[in-house]
Ligand code: AMP
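Numbering (the numbering used here), first residue to last: 822 to 1357.
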């Protein structure tokens, strides 16, 4: 059945029709054609519907397995919103996401089954479980859990066609860090995603011989670009695991990669190692970066290494669907519009508008710094079950121009450059990026303060030992506090990237004129070395 408008998976479906025998996925030497993936997704979609006829939200738990890739498609084919979980997160975190999203079915790969048992234990309204590459219900699974293993899945009759959905229905739901200690649910509709994909299809004109990286975990929305841009072009997705990411340039060469997409940190590291040799990445046609500030010096060197590629800096929050501004690096002209050593974030995507507003919501004069607000087809509706946070995240009405009147407040400080593009200046708040991961330091603080002995906690992003690397540090106060215990406890509830690398102990925190902790003063004491870290 035809849907009313383009969906997240429409491009994949078109490739199934046009290039069924092309390789769609290449994973550690194994390959799947478009026909293969489509067949798997139709069968698994039937399995997802076995216990719940039309599941609203389906979670996918796994890492770099066919289950995670075909599973994403299967969720969409079942007519559900896909909620990626992350095997690297502690069970408590995944469980919280499962509960918050009201998940009815979980699809998991064999590598995640162990965690799944702990995740489901005692969970109210236990979801059904589909394990397409697991042969037996594992020990430790809650008694009475509704589980389909490999043999059960194989008896499911594949859906003839994906379940029909509307463009305004949810395509995927991701959780981002929340200041209050609770992650914020961001649901992106098919219409949001399709608008993003259409803009990129027009911009890049990828072809069936393109080979795409997948450097991001599926809990990071940039991975949606990898999956659905490659599948929409009839090209091949070639995911990288942690080992490949340590030697990314070899991976590009060994796998004939034509489209590179990662956070800038990956390139910064290669730049620092001195391995970005001119013309050493001849297969690349596109070098795309997103997710954090891209240093101009790194862009320059990467461009020389991948001299046959076009290098771009994409920008965007999860709430505005993956990326909504972009700058094309030009070695001749771009250096003039670099702000604070970083590449400009460019200008808005088609269907999107940007404005730089002051605290009152009035546009600032060109060249002044203000908050970047974005409006248009890619902007989400609002946070999951959080009307207050949603209200705070939007300005309505001012400025009154733009494709729609709702302006999403990004919290990013920008200013317009002489070329009319936007230059990235920093953040309005204490949100930070660690290797591209978005972290509200307030969320880590809230988790620390839940611990009995922790009386005060401030989490700061500070320069790490390696040049250009930012790390988290926690400054703590509390009688009888043992930093080892604090660290261990934190790891039980937060993803690894949110765990401070170092801790400092302090009896009395400096206060500012408002009586609040003076984070600036504290930061200075940490960075200067006056406050010594506690050895872990
Ligand atoms: P996320 O929702 O995880 O994609 O994070 C969005 C945030 O990442 C933005 O609000 C920015 O703070 C930051 N960000 C994303 N892309 C860029 C970029 N190209 N330059 C600077 N910051 C960026």
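C-beta: ideal position from N, C-alpha, C; glycine also.
C-alpha distance - residue 1331 paired with residue 1279, whole-angstrom precision: 11 Å
Enclosing alpha helix (DSSP H) for residue 864 [first to last residue]: 855-869
Integer-rounded CB distance, given that residue 1126 should sit under 8 Å from residue 1100: 7 Å
Pairwise C-alpha distance: residue 900 and residue 1263: 36 Å
Helix, strand or coil at residue 997 according to DSSP, with G and I counted as helix: strand
Stretch-stretch touch, CB-based, cutoff 8 Å, three pairs: the segment 1141-1155 with the segment 1108-1123: yes
Three CB pairs or more closer than 8 Å across the segment 910-925 and the segment 943-963: yes
Sequence-distant residues of its chain with Cβ nearer than 8 Å to residue 1040 (five each side left out): 905, 906, 907, 910, 995 and 996
Neighbourhood of residue 1028 by C-beta distance below 8 Å, restricted to the same chain and skipping five residues each side: 1054, 1055 and 1056
Residue 833 in three-state terms, based on DSSP: helix
Nonlocal neighbours in the same chain, by C-beta distance under 6 Å from residue 1315, ignoring five residues either side: 1268
contact_flag[the segment 871-881, the segment 842-857] where n(CB pairs < 8 Å) is 3 or more: no
DSSP-derived helix/strand/coil call for residue 1007: strand
Collapsed DSSP secondary structure at residue 1173 in the structure displayed: strand
DSSP beta-bridge partners of residue 1254: 1259
Three-pair Cβ contact test at 8 Å for the segment 1001-1019 versus the segment 924-931: no
DSSP three-state assignment for residue 1284, whether helix, strand or coil: strand
Cβ-Cβ separation, residue 1098 to residue 1116 (assumed contact under 8 Å), whole Å: That pair is no contact at about 18 Å.
Local Cβ density within 10 Å of residue 952, reported as buried at 16 or more and exposed below that: buried
Backbone CA spacing between residue 831 and residue 1052 [nearest angstrom]: 9 Å
Sub-9 Å separation of residue 854 and residue 1251 beta-carbons: no
Cα-Cα separation, residue 823 to residue 1020: Low confidence applies to residue 823: its pLDDT is 48, below 50, so where it sits in the model is not reliable, and the reading given next is rough at best. Cα to Cα, the separation comes out at about 22 Å.
Beta-carbon gap between residue 1259 and residue 1246 smaller than 9 Å: no
Residue 1144, DSSP secondary structure in three states: coil
Whole-angstrom C-beta distance between residue 1084 and residue 1141, which should lie under 8 Å: Not quite, the Cβ-Cβ distance comes to about 17 Å (not below 8 Å), so this is no contact.
Residue 1344 - containing alpha helix (DSSP H), residue span: 1340-1348
Residue 1035 Cβ short of 8 Å to ligand 1 heavy atom set: no
Closest Cα partner of residue 1077 within the set 1249, 1033, 1092 and 1346: 1033
Contact set for residue 912: own chain, Cβ-Cβ below 7 Å, skip 5 residues either direction: 936, 939 and 940
Ligand 1 heavy atom lying under 8 Å from the CB of residue 1163: yes
Residue from 851, 828, 859 and 829 whose Cα sits closest to the Cα of residue 839: 859
Neighbour-count burial assignment, residue 1095, 16 or more Cβ in a 10 Å radius: exposed
Other residues of its chain near residue 1189: CB distance less than 7 Å, five sequence neighbours each side excluded: 1236
Bridge-paired residues (DSSP) for residue 838: Answer is none; residue 838 lacks a bridge partner.
Residue 1325 in three-state terms, based on DSSP: strand
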